[in-house]
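When we follow our numbering, the leftmost residue of the sequence shown carries the number 100, and every step to the right adds one. All residues carry an ideal CB built from backbone N, CA and C; glycine is no exception. To start, the structure under review is shown below, and the notes come after it.
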Amino acid sequence: MRYPLPMKLFVYHTPELTPENTLPNCAIAVDVLRATSTMVTALAAGAEAVQVFSDLDQLLQVSEAWAPEKRIRAGERGGGKVEGFDFGNSPLDCTPDRVAGCRLFISTTNGTRALTRVQQAETVLAGALINRDAVVQHLLTHHPDSVWIVGSGWEGSFSLEDTVCAGAIAHRLMEKLGCGLEELAGNDEVTDAISLYQHWHDRLLDLFHHASHGKRLLRLNCLDDLKYCAQTDILDVLPIQKETGVLIKA
Ligand code: 3SL
100 MRYPLPMKLF VYHTPELTPE NTLPNCAIAV DVLRATSTMV TALAAGAEAV QVFSDLDQLL
160 QVSEAWAPEK RIRAGERGGG KVEGFDFGNS PLDCTPDRVA GCRLFISTTN GTRALTRVQQ
220 AETVLAGALI NRDAVVQHLL THHPDSVWIV GSGWEGSFSL EDTVCAGAIA HRLMEKLGCG
280 LEELAGNDEV TDAISLYQHW HDRLLDLFHH ASHGKRLLRL NCLDDLKYCA QTDILDVLPI
340 QKETGVLIKA
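Here is the structure:
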C-alpha cells in the first residue's frame with residue numbers, strides 16, 4: 100500500500116537541539132536507557148498512567164493527592180534510585196503485581212526533560228526500541244504532517260541508544276511508506292540515525308556496551324536492563340499524552 104506523503108520526519112539528538120518557537124504535529128520522546136522503556140513497560144504491565152516531572156519536589160507534592168496503594172514514585176538521578184522513592188528507573192521493576200492499577204509518578208535525569216520540551220505538541224508519544232512498531236503504526240494511521248523524534252541524550256549530549264532508536268523508527272517507517280529517504284527526511288540527522296541503525300540493528304546490545312550511558316549503567320550492575328531495552332518490538336503499547344505530563348496507553 101502506498102501512503103500519502105508528505106510526512107516530514109526530523110530527528111533531534113537532545114531536547115536542547117530542537118528549534119525554538121515551533122512544534123511538530125507529532126513529537127516522539129525517546130530515552131531508550133531507560134525512561135521511555137520504563138514508561139512503556141509500566142503501561143504494558145497495567146499502570147493506569149505515567150505522570151512525568153522534571154522536579155522531584157513537585158512530583159512528591161502532586162503524588163501526595165493519590166492513595167499510597169494507587170501510586171508509585173519513581174525517581175532517578177545519576178542512574179541511581181533517589182532515596183525515599185519506591186522505584187528508580189528500571190523497567191524490570193514494572194511488573195504487573197507492583198504497578199497494575201497504579202499511577203507511576205516519575206522523574207529522571209534526561210528522559211523526562213525530553214517529554215517536557217515537546218509537551219505542547221498536538222500529539223506526544225513515548226518511544227523506545229521495545230515499542231518501535233507501535234510508534235510506527237500510530238504514524239501510519241494518523242499520518243501527521245510533521246514528526247519530531249527527540250532523543251534525551253545525556254545532560255545535553257548525543258547518545259547512541261536514542262539515535263539508533265530514532266533510526267529504527269525512521270527505517271521501519273520508510274519501509275512501510277514505501278518512500279525514499281529524500282521524501283521522508285526533514286533534516287540530516289534522519290539519514291545519520293538510519294545509517295547507525297542499519298549498521299547495528301542485529302547487535303543492539305553490543306552497541307549499548309559502547310554507549311557512554313550504557314557503560315554507566317553497567318558500572319551500576321544494570322546489564323539486565325540493557326538486555327531488556329535492546330530488544331525490538333516486544334510490546335505493542337504506545338504511551339500517548341492525554342493531558343500535560345500525563346501519558347496513558349493509546
Ligand atoms: O536520564 C534519564 O532520564 C535516564 O533514563 C537515566 S537512567 O537510565 O535511569 O540512568
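Query, Result
"Span of the alpha helix (DSSP H) around residue 307", "303-309"
"Residue 120 beta carbon less than 8 Å from that of residue 243", "no"
"Inter-residue Cα distance where the pair is residue 145 and residue 177", "27 Å"
"Any non-hydrogen atom of the ligand NAD closer than 7 Å to residue 130 Cβ", "Only the ligand 3SL can be found as ligands here, which leaves the ligand NAD out of the picture."
"Heavy atom of the ligand 3SL within 7 Å of residue 113 beta-carbon", "no"
"Bridge partners - residue 226, DSSP secondary structure assignment", "129"
"Burial state of residue 310, where buried means 16 or more other Cβ atoms lie within 10 Å", "buried"
"C-alpha distance - residue 325 paired with residue 158, whole-angstrom precision", "26 Å"
"Unbroken alpha helix (DSSP H) run spanning residue 293, endpoints", "287-299"
"Residue 141 beta carbon less than 8 Å from that of residue 135", "no"
"Contacting residues, own chain, Cβ-Cβ under 7 Å from residue 147 (five flanking each side not counted)", "200, 201, 202"
"Residue 262 and residue 190 closer than 8 Å at C-beta", "no"
"Proximity of residue 247 and residue 111 at Cβ, strictly below 8 Å", "yes"
"Identity of the residue in 167, 231, 126 nearest residue 330 by Cα", "231"
"Segments of 3+ residues assigned as beta strand (DSSP E) that fall wholly inside the segment 180-247", "202-206, 222-226"
"Residues of its chain near residue 172, where Cβ-Cβ distance is below 6 Å and the 5 sequence neighbours each way are ignored", "162, 184, 185, 204"
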